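Structure first, then comments.
2 protein chains.
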Amino acid sequence: MALGTLEDDATAAVPGIDKADGRPAPTAGGRTALDRLVEPHSVAIVGASANPDKRGYQIIKALKKAGYAHAIYPVNPRGGSILDVPVVTSIAELPDQVDVAVIVRPAEEVADILIECGQRGVAGAVVLAHGFRERGDQGAEAERQLQAALVESGVRIIGPNTSGMLNCTVLADLIGLPELPPAGPVSVLTQSGNMILSVVEDNRSINGPGFDLIAGLGNQSDAGYAELIGTLSARDATRAIAIYSEGFPDGRGFLDAADRVARTCPIVMLRGGRSAEGQKAALSHTGSIAGADAVATSVLRQKGVTLVDRSDELLPVAALLATAKLPDVGKGVVVLADGGGHATLAVDALSRAGLPLSDLSDATQARLRAVLGLGASVGNPIDVASAADAYADVFADCIEILAEDPSVGLVLVNGLFGAYHIRFDDSFLPAEDKAAERLVAVQKAINVPLVFHSCYADRKPDNHDTLRRGDIQVFPSIDVAVAGASALYKRAQWLAQTFGDAPERAGGTNRVQVPGGLLPESVARRVLQGLGVSTGTWSAATDAASVRAAIADIGTACAVKVDSSKVVHKSDVGGVHLGVTVETAADVANQISESMAGQTPPVIDFGYLVAPMVKSGVELFVGAINDPVFGPVVLFGTGGVLVEAADDVAFRAAPITPAEAMCMIAETRVSKLLDGFRSFEKVDTAELAAFIASVSEAVSRLDGLSELDINPVIASRDAIHPVDVRLVGK
Amino acid sequence: MALGTLEDDATAAVPGIDKADGRPAPTAGGRTALDRLVEPHSVAIVGASANPDKRGYQIIKALKKAGYAHAIYPVNPRGGSILDVPVVTSIAELPDQVDVAVIVRPAEEVADILIECGQRGVAGAVVLAHGFRERGDQGAEAERQLQAALVESGVRIIGPNTSGMLNCTVLADLIGLPELPPAGPVSVLTQSGNMILSVVEDNRSINGPGFDLIAGLGNQSDAGYAELIGTLSARDATRAIAIYSEGFPDGRGFLDAADRVARTCPIVMLRGGRSAEGQKAALSHTGSIAGADAVATSVLRQKGVTLVDRSDELLPVAALLATAKLPDVGKGVVVLADGGGHATLAVDALSRAGLPLSDLSDATQARLRAVLGLGASVGNPIDVASAADAYADVFADCIEILAEDPSVGLVLVNGLFGAYHIRFDDSFLPAEDKAAERLVAVQKAINVPLVFHSCYADRKPDNHDTLRRGDIQVFPSIDVAVAGASALYKRAQWLAQTFGDAPERAGGTNRVQVPGGLLPESVARRVLQGLGVSTGTWSAATDAASVRAAIADIGTACAVKVDSSKVVHKSDVGGVHLGVTVETAADVANQISESMAGQTPPVIDFGYLVAPMVKSGVELFVGAINDPVFGPVVLFGTGGVLVEAADDVAFRAAPITPAEAMCMIAETRVSKLLDGFRSFEKVDTAELAAFIASVSEAVSRLDGLSELDINPVIASRDAIHPVDVRLVGK
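Here you go:
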């Protein structure tokens with residue numbers, strides 16, 4: 001979708017401006033430049049136009065239509081007035097300290113305009129033009145000038161290549177929607193203009209709570225996700241941030257920001273470009289690359305981001321997180337329904353989402369029975385059956401009882417609530433409307449969040465809006481209601497986690513540069529040891545005699561392996577011998593030497609790595625990658641030769657604490673084997689977690705890491721043995 | 001939800017009726033009794049009432065309101081008229097051959113009423129009363145009488161314990177909805193009354209194509225899913241059947257019926273009670289048990305049933321399958337979008353659903369470029385970008401081009417279609433409306449199905465309804481549109497499968513009764529061999545001498561195992577020795593004998609099983625269970641001691657052909673190892689598939705099977721070795 005054409009006719013050109021040194025945009029009223037950018041109290045339109053087909057006209061029209069109460073300054077050298085707003089003939093003539101300039105001029109003019117804006121103290125700009133880095137070589141010069149102008153002017157920008165932004169709280173429509181969506185607690189950041197339309201329509205479909213800021217970020221040449229979530233979370237008007245992202249210019253920076261912001265403000269994210277095909281599609285769109293899907297999913301969750309997999313759940317889940325109380329972790333969900341099928345489906349969906357069901361006490365069940373009569377199910381799900389036909393108030397009665405049961409964390413009401421007057425006849429309406437009002441009062445009084453499904457929600461009965469005004473969301477889909485309940489639980493659990501502080505990541509001291517390419521295993525082990533990772537008993541040897549000496553020293557049968565940066569698969573080239581004793585040592589060393597000589601080309605530069613034989617146990621994988629988006633990421637899962645086929649691996653942004661490593665272990669299938677499954681010994685998972693944490697700390701101190709595989713790590717009752725270590729530098 | 005109260009006041013009682021011998025309800029106009037039941041051309045209401053709170057009044061009111069054009073016969077001994085319809089004072093006074101009696105009387109009267117209906121030639125009845133088998137012991141007597149009355153009367157019934165049925169084609173509302181949903185191609189069978197309301201509302205939300213029959217099946221004491229899908233699929237008015245099921249009284253019967261019906265009529269199913277908690281909830285509702293979820297998912301798909309996991313996808317997917325053409329299998333999906341974000345999300349969702357993307361030819365791309373101009377992406381996804389702003393017709397232009405590309409199986413249009421007049425201004429409207437009309441003509445002319453997403457679909461613009469009238473569905477959710485596209489592909493693939501005919505399953509000949517409990521392995525192997533399963537080289541031996549002789553005969557080192565119905569875990573009790581030679585045979589046999597004597601209580605009744613040692617290979621699991629719902633089901637997956645932890649198993653209702661077993665193998669993770677992964681030899685999967693098929697055939701001939709585990713089956717380049725066989729009878 002193209003949102004109108006830019007002002008690229010020469011007659012509307014902004015006159016040349018003098019270059020000046022950049023200076024930081026001053027704050028106004030204690031607000032930072034970004035604060036002013038996202039909530040403009042004055043707007044200049046640079047490239048204003050009297051032509052209704054132009055964005056420079058549409059934005060003025062949209063601002064007036066939306067009822068924007070602050071100053072509007074159209075800028076056009078031709079002067080006059082547009083839509084009765086007097087036109088300023090140049091940027092230089094703008095009053096001091098305008099909050100936002102919307103720049104509706106083509107790419108090649110943007111840099112100069114920014115510099116002139118900076119000179120007038122303009123805090124921020126929305127840059128619509130495309131033709132920058134997303135055009136590759138063609139846009140390179142424009143991008144270079146833009147970057148220089150950002151530094152020189154100090155003006156903060158959203159864009160370029162954006163469809164604009166919208167602040168519903170101050171009625172600032174810089175996009176030009178035909179009708180402004182309602183003001184409310186959800187802010188939206190997106191890389192796609194069409195996703196702005198989708199969230200606005202999705203909010204309309206569920207009569208959702210509305211929006212504070214909605215911004216298309218475009219190329220994120222300046223303000224990006226990481227910085228803006230901080231700015232938004234500090235706004236009273238924003239209670240949740242919904243993000244559509246096709247990638248991060250600085251993934252690690254986003255993780256750090258999310259980890260802080262999510263403590264106080266929910267972040268809900270839908271990612272595009274998760275599949276290889278989708279990534280290609282996204283590339284053609286914005287020029288940034290999404291990280292590998294599984295890694296991104298893990299590390300974003302780790303830092304408190306609520307992820308949704310479906311585009312139709314982004315807005316509903318954000319609406320719920322923005323308005324609902326949080327459940328107590330450790331307490332379960334009660335389904336309060338007026339029909340068996342809906343209740344069954346809700347319970348199934350809750351179970352699929354991994355949410356616990358409340359186990360209601362006998363006392364609670366007896367109290368429910370007194371309200372509902374003999375015909376109703378008072379277990380969980382509760383089916384109010386015929387009682388609800390009699391009076392809609394039964395839901396509030398039940399909820400008051402449930403809120404006093406210590407097993408209840410959240411109540412999911414599902415079925416026909418509020419619509420008996422539609423299903424049966426109008427005589428139900430007054431009681432239903434009154435019941436909704438009472439439910440709002442009940443929700444205020446209790447700490448248990450209420451989430452409603454009604455199969456009649458699309459009919460939008462007034463009593464549903466009564467609930468919504470009382471911060472109780474009502475959804476037409478059981479699945480969406482459960483997705484919302486699940487998001488509330490997962491957020492509550494994340495907030496309750498106490499992993500302790502991981503060691504500082506990016507400290508300038510104690511960092512190690514990894515040489516390029518594969519390292520000899522002995523070097524890899526020394527690097528890890530130097531950074532605090534226990535690599536067990538082993539020796540490096542240089543010849544048959546020192547191999548023999550090493551085995552003698554270790555005092556038990558050993559594995560002897562070739563130790564070289566030239567050998568990738570040691571076993572495949574006769575480079576591994578097991579059960580080697582003092583007696584067979586020389587012979588084995590010679591065999592390895594001969595094997596190396598027999599390679600094409602011969603491997604000359606090698607030594608031997610000697611380590612005691614390890615008794616059998618569970619074969620695990622511990623490793624790390626340097627993710628192009630998110631930086632060092634530690635891996636744990638099923639190990640051994642079948643590591644790829646097993647497809648059983650958990651990821652965390654490094655470093656992590658042992659407590660966090662315990663959670664990581666629990667995510668994998670192989671964790672079942674660590675608990676003494678069948679013939680396996682029970683493994684000391686605390687020791688394993690400490691090992692994973694030490695690896696995560698080590699890799700976060702490596703510069704030039706490409707990847708680290710410790711595979712297998714053999715875990716048995718008494719030890720964690722890293723059997724083979726492979727470290728590769730960039 | 002209770003749908004009004006039944007007529008249980010004594011004054012309205014139906015007078016006693018004489019018992020008579022049952023006789024099958026005659027057909028009328030070539031229609032069977034079930035044909036007449038689902039499309040009644042005359043309706044009697046037994047228990048009609050003049051009280052507006054009673055179902056016996058509401059149904060008459062609903063029939064009149066809906067515009068039911070056939071005869072209505074209220075039955076009540078008090079006579080008179082209800083809503084201007086003359087009341088018949090007894091069933092005996094009904095005219096001959098009434099199609100359907102709605103029985104609005106309590107449980108204890110139903111049996112007598114059915115018998116009297118049978119005497120008057122009534123074809124079918126809808127029985128609303130509850131209090132039968134779903135009440136357990138309390139309802140046992142009523143259930144017994146009901147079953148006897150069904151036999152005696154020959155009347156076919158829906159229910160009892162149902163909220164009724166609705167035939168929109170003949171405007172017969174036997175439920176009493178305030179407004180009849182539109183007549184259309186989707187029929188619905190459900191065990192939940194509330195799910196009737198949900199599908200009706202969901203159809204309303206998407207302006208869906210409407211309904212033929214909607215029936216709540218209740219207890220399915222007579223007509224159930226299996227029979228009704230046959231009846232419905234024979235109706236011209238029904239083009240797809242949507243089912244909400246919480247279990248099957250006769251799962252195998254349903255599979256057989258589905259396998260036939262799905263050839264011509266799509267069946268879409270949402271299951272309730274899939275989780276343990278949901279099963280409990282479902283139990284309290286209808287009294288039937290869902291099969292284990294994974295088994296049910298596999299065998300229903302095997303027989304052509306389209307499964308949906310979300311309640312909000314049942315109706316949309318059924319609407320699409322009822323109206324859309326099917327894609328050619330082997331051709332891919334094209335995403336035709338007017339914005340990058342939507343296109344990326346669609347591609348991601350398609351990828352997640354496992355659907356292929358079309359690889360458009362250079363010629364196609366050049367033709368698209370000619371239409372769309374330089375600014376558009378003409379790969380896949382196609383982004384029409386600014387072109388669409390210019391003229392909405394661009395979509396039809398592109399689709400005509402795409403339909404001629406042999407790589408295109410389906411076109412998913414996504415973005416803002418039909419709503420530029422909402423997003424921008426009304427001036428777009430005439431062109432958009434015309435574009436929709438042209439698209440309908442294009443869809444008629446081409447064999448490539450079109451599926452539309454528009455983020456403005458909830459606004460219900462007229463041009464979307466134009467598309468729908470042309471059998472093109474438009475969805476507000478990208479995810480739902482992709483779920484629909486996926487269902488079309490999977491159905492096309494199922495129809496295209498050629499597995500050949502599996503051997504007859506339930507033949508009375510060549511069946512084997514499995515004794516109860518664990519069988520000695522030698523017996524298990526003989527049973528399987530007798531049914532055509534190759535169990536390899538092995539011998540049963542009775543003492544040390546015959547063990548020695550067996551090994552000598554086999555001519556290589558052997559495994560010697562205890563062979564007894566008393567030993568469950570042979571290894572745990574010293575019952576397995578490996579690498580036994582002629583020399584060590586006697587010693588090993590004695591050791592096993594001593595181990596057995598040392599058990600508590602001592603194992604006396606045992607022999608020896610001797611089999612050659614098997615070289616290493618991939619450890620597989622082949623087995624079978626006798627599913628309580630679906631009967632014999634064959635299993636294949638990862639084997640070995642970790643079989644449970646691996647959680648890698650595929651299921652099929654037995655018997656299957658080798659071709660179908662190949663599909664089963666491909667579903668598992670372990671299949672990656674069969675293709676020569678790393679150090680593993682490539683396995684002859686055709687031979688493996690033949691083995692699985694032979695097991696499936698064997699287990700389908702067993703009576704009294706509880707379970708069969710052949711684990712491990714060791715597969716290497718040259719052979720499939722069943723190493724351990726465990727057969728358990730009920």
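If you're matching them up, the sequences are chains P and X in order. Position one of the first sequence corresponds to residue 1 (full-length UniProt numbering), numbered consecutively onward. Position one of the second sequence corresponds to residue 1 (full-length UniProt numbering), numbered consecutively onward. Beta carbons: idealized from backbone N, C-alpha and C, even for Gly. These numbers were taken from a predicted model, which means no experiment stands behind them.
Distance from the Cα of P/Val670 is smallest, within the candidate group X/Lys672, X/Phe651 and X/Ala646, for X/Ala646.
Partner residues in the beta bridge of X/Asn626, as assigned by DSSP, are X/Pro632.
When secondary structure is reduced to three states using DSSP, P/Leu705 falls in the strand class. About 15 Å separates the Cβ atoms of X/Gly121 and X/Ile157, ruling out a contact at the 8 Å cut-off. DSSP assignment within the UniProt domain "CoA-binding" (37 to 132) of chain P yields the following whole alpha helix (DSSP H) runs of 4 residues or more, N-terminal first: 55 to 66 and 107 to 119.
Runs of beta strand (DSSP E) with 3 or more residues, each lying fully within the stretch 277 to 358 of chain X, are found at 306 to 308 and 332 to 337, listed in chain order. With a threshold of 8 Å between beta carbons, X/Gln191 makes contact with chain P. Going by beta carbons, X/Ala586 and X/Ala550 fall outside the 8 Å limit. For X/Ser198, there is no enclosing beta strand (DSSP E); the residue is part of the alpha helix (DSSP H) that begins and ends at Gly193 to Ser205.
Within chain P, no C-beta atom comes nearer than 9 Å to that of X/Tyr608; the closest sits roughly 24 Å away.
In this structure, the beta-carbon distance from X/Glu697 to X/Leu531 falls below 8 Å.
The Cβ atoms of X/Leu307 and X/Met269 sit closer than 8 Å to each other. For X/Asn207, no chain P residue has a Cβ inside 8 Å of its Cβ, as the nearest lies near 11 Å away. Listed along the chain, the chain X residues whose CB falls inside 9 Å of the CB of P/Cys168 amount to none; the nearest CB is some 17 Å away.
Residue-level contact by beta carbon holds for P/His342 and chain X, with a gap shorter than 8 Å.
Here X/Val442 carries a helix assignment [DSSP, helix/strand/coil]. Looking only at P/Ala215, P/Pro515, P/Phe395 and P/Val580, the smallest Cα-Cα distance to P/Glu39 is reached by P/Ala215. If you draw a straight line from the Cα of P/Gly210 to the Cα of P/Ala257, it comes to about 25 Å.
By the C-beta criterion, the stretch 319 to 333 of chain X is judged to be in contact with the stretch 409 to 417 of chain X, since at least 3 inter-stretch pairs fall below 8 Å. Spatial neighbours of P/Ser311 in its own chain (CB-CB distance under 7 Å, excluding positions within 5 residues in sequence) are listed in chain order as Ser198 and Leu270. Ranked by Cα distance from P/Leu467, the first of P/Leu83, P/Lys434 and P/Trp494 is P/Lys434. Chain X places no beta carbon closer than 8 Å to that of P/Val333, leaving this residue out of the contacts. Under the three-state reduction of DSSP, X/Lys490 is assigned to helix. Under the three-state reduction of DSSP output, P/Gly230 falls in the helix class. Ranked by Cα distance from P/Ala148, the first of P/Ser534, P/Val126 and P/Ile115 is P/Ile115. A straight line joining the alpha-carbon of P/Val384 with that of P/Ala363 spans about 17 Å.
When the alpha-carbon of P/Pro185 is set against those of P/Leu34, P/Gly208, P/Asp212 and P/Pro406, the nearest one is in P/Asp212. Residue environment analysis places X/His421 among the buried positions, since at least 16 neighbouring C-beta atoms fall within 10 angstroms of its C-beta. Using a Cβ distance threshold of 8 Å, P/Gly272 and X/Gly341 count as a contacting pair.
Cβ-Cβ separation between X/Gly574 and X/Ser546: approximately 20 Å, too far for a contact (criterion under 8 Å).
Counting C-beta atoms within 10 angstroms of its own C-beta, P/Ile604 has fewer than 16 neighbours from the protein chains shown and is therefore classed as exposed. Restricting attention to alpha helix (DSSP H) runs no shorter than 4 residues, the stretch 566 to 598 of chain P encloses them at 585 to 597, ordered along the chain.
In this structure, X/Ala44 places its C-beta atom within 8 Å of the C-beta atom of X/Ala101. Annotated three-state conformation of X/Phe677 is coil, per DSSP.
Under the three-state reduction of DSSP, X/Arg726 is assigned to strand.
Of all residues in the stretch 244 to 263 of chain P, those with a C-beta nearer than 7 Å to a C-beta of chain X are Tyr244 and Glu246, reading in chain order.
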